[in-house]
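Trainee:
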Amino acid sequence: MQVTLLTHTPEPERVIAAAARLCYSPSSAAELKERLTEKEVADLLKIILKSGHLSTCEHPSFTFGIDGISRTCSHQLVRHRLASYSQQSQRYVRYSEPEMIIPPSISDDEELTALFQEKALEAFEHYQELMDAGVEPEDARYLLPQAVATKIVVTMNARELLHFFSLRTCERAQWEIRGLAEEMLRLILPLAPLIFKKSGPACIRGKCPEGKFYCGHPRKMDKDGLLVIPEDQWVYRSKDSID
Ligand SMILES: Cc1cc2nc3c(=O)[nH]c(=O)nc-3n(C[C@H](O)[C@H](O)[C@H](O)COP(=O)(O)OP(=O)(O)OC[C@H]3O[C@@H](n4cnc5c(N)ncnc54)[C@H](O)[C@@H]3O)c2cc1C
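Going by my numbering, 146 is the number at position 142 of the sequence shown; the sequence numbering is gapless.
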């Protein structure tokens with residue numbers, strides 16, 4: 005999995021603070037954005053996040069380029085409706101090489117990995133056979149496994165990212181989208197620590213809302229209020245895919 009931050013709104017925290025301050029000020033947003041001190045920005049962000057009045061967090065957005073996630077993962081990602089997506093098409097792009105994502109529960113075991121690779125390659129060969137027989141990729145792709153790797157560009161605003169991180173960095177989230185969410189969070193934390201501090205699963209801020217599905221081991225926050233993401237989980241290991 006490779007996640008790149010392609011672009012983002014400059015000074016995202018200042019934009020949010022200016023938008024919030026504008027509601028109660030005769031000044032223009034442009035003036036406020038220039039004039040607000042660092043402390044005022046920080047204080048406003050604190051109030052906004054604490055109160056849950058998050059509409060001002062919809063102004064800054066972040067665009068990620070994501071390569072090498074499975075179609076299983078991208079299907080879960082695009083369920084998040086308040087985001088924009090562009091995904092590599094299986095109608096217009098013919099796979100010439102089988103790139104498959106292998107779940108760690110399989111890739112950690114040699115025998116299971118061999119079995120997985122054999123079956124995945126078989127499916128890929130049948131996909132090729134269909135296209136060689138004149139079937140268009142848009143129909144031949146029906147034979148491809150969900151493990152097949154895809155590329156996608158996603159843009160989310162800061163409010164949607166807070167929501168996305170809350171759901172998808174939780175232990176209940178499936179491992180691949182959790183890895184993706186954690187990597188996205190890791191990339192933008194330094195750019196907007198006031199927004200994304202305390203961002204992550206609900207358990208780092210208080211009680212787990214999952215009831216009987218509570219995993220029993222709440223995630224940790226460091227002294228600055230940032231979700232602790234173990235280094236070996238930053239990006240899923242390359243052995244999780246076959247090229
Ligand atoms: C652990 C886990 C397990 C899951 N299991 C399943 C499953 O078994 N089956 C399944 O189908 N899905 C499953 N999902 C997906 C889940 O149901 C959501 O589709 C997905 O997480 C997107 O979240 P969302 O709808 O809150 O938010 P987004 O689409 O990201 O929208 C953000 C918020 O905007 C608001 N919103 C957006 N659209 C509307 C609307 N039309 N009307 C009103 N408010 C709106 C809501 O407040 C929403 O929370 C699972 C998700 C997780 C995290």
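In this text, a Cβ means the ideal position worked out from N, Cα and C, and glycines have one as well.
Which two residues bound the contiguous alpha helix (DSSP H) that contains His12?
Mentor: First-last for His12: 6-12, but that is the beta strand (DSSP E), not the alpha helix (DSSP H).
Trainee: Quick one: what's got a C-beta closer than 8 Å to Val232's C-beta in the same chain, skipping five residues either side?
Mentor: Cβ within range, chain order: Arg223, Lys224, Met225, Asp226.
Trainee: Helix or strand or just coil, what does DSSP make of Ile106?
Mentor: Ile106 falls in the coil class under three-state DSSP.
Trainee: Kindly indicate which three-state DSSP category Lys224 falls into: helix, strand or coil?
Mentor: It is coil, neither helix nor strand.
Trainee: Would you report the Cα separation of Ser242 and Met5, rounded to the nearest angstrom?
Mentor: Confidence at Ser242 is low in this model, with a pLDDT of 33, below 50, so the placement of that residue should be treated as unreliable; the coordinate-derived value is given next. Whole-angstrom Cα-Cα distance: 8 Å.
Trainee: Indicate the three-state DSSP secondary structure (helix, strand or coil) for Ala153 in the structure shown.
Mentor: Here Ala153 sits in strand by DSSP.
Trainee: Quick check on Tyr131: buried or exposed, where buried means 16 or more other Cβ atoms within 10 Å of its Cβ?
Mentor: Tyr131 should be labelled buried.
Trainee: To the nearest angstrom, how far is the alpha carbon of Arg209 from that of His57?
Mentor: Using only the alpha carbons, I get a separation of about 17 Å.
Trainee: Any Cβ of chain C within less than 8 Å of the Cβ of His221?
Mentor: Checking the listed chains, one finds no chain C in this structure; it contains a single protein chain.
Trainee: So does Ala177 have its beta carbon nearer than 7 Å to some heavy atom of ligand 1?
Mentor: Yes, since a heavy atom of ligand 1 falls inside the 7 Å radius drawn around the Cβ of Ala177.
Trainee: What whole-angstrom Cβ distance do Arg163 and Glu62 have, given they're in contact under 8 Å?
Mentor: That belief holds up - the Cβ atoms of Arg163 and Glu62 are roughly 5 Å apart, short of 8 Å.
Trainee: Quick check: what's the CA-CA separation for Leu200 versus Leu116?
Mentor: First, the amino acid is wrong: residue 200 is Phe here, not Leu. Taking the straight line joining both Cα atoms gives about 39 Å.
Trainee: Measure the alpha-carbon distance for Cys174 versus Glu133 and round it to whole angstroms.
Mentor: So the alpha carbons of these two residues sit roughly 41 Å apart.
Trainee: Quick one: what does DSSP say Lys243 is sitting in, helix, strand or coil?
Mentor: At Lys243, the pLDDT of 39 sits below 50, so the modelled position is not reliable; the number obtained from the coordinates is stated separately. Helix at Lys243.
Trainee: When DSSP labels each residue in this structure, what does Ala196 get in the three-state scheme?
Mentor: Of the three classes helix, strand and coil, the one that applies to Ala196 here is coil, per DSSP.
Trainee: My guess is that Pro213 and Ala206 are in contact by the Cβ rule of under 8 Å, so how many angstroms apart are they, rounded?
Mentor: Rounded, the Cβ-Cβ distance is 5 Å, consistent with contact.
Trainee: Mapping the DSSP letters down to three states, classify Ala24 as helix, strand or coil.
Mentor: Three-state DSSP puts Ala24 in a helix.
Trainee: Determine the contact status of Val157 and Ala87, defining contact as a CB-CB distance below 8 Å.
Mentor: In this structure, Ala87 does not lie closer than 8 Å to Val157 by Cβ.
Trainee: Taking C-beta to C-beta, are Ile105 and Ile70 nearer than 8 Å?
Mentor: Their beta carbons are not under 8 Å apart, which means Ile105 does not touch Ile70 by this criterion.
Trainee: Does Ala274 come out as helix, strand or coil in the three-state DSSP assignment?
Mentor: No answer is possible for residue 274: the residues shown for the chain start at 5 and end at 247.
Trainee: Where Asp143 and Met188 are concerned, what is the direct C-alpha to C-alpha distance, given to the nearest angstrom?
Mentor: Those two C-alpha atoms are separated by around 33 Å.
Trainee: For Trp238, which of helix, strand or coil comes out of DSSP?
Mentor: With a pLDDT of 45 at Trp238, under the threshold of 50, the predicted position of this residue should be treated as unreliable, though the coordinate-derived value follows. DSSP places Trp238 in coil when its eight states are reduced to three.
Trainee: Quick check: Thr76 and Gln121, are their CB atoms within less than 8 Å of each other?
Mentor: Result no, Cβ atoms of Thr76 and Gln121 do not sit closer than 8 Å.
Trainee: Kindly indicate the opening and closing residues of the alpha helix (DSSP H) around Ser170.
Mentor: Taken as a continuous stretch (DSSP letters only), the alpha helix (DSSP H) holding Ser170 covers 162-172.
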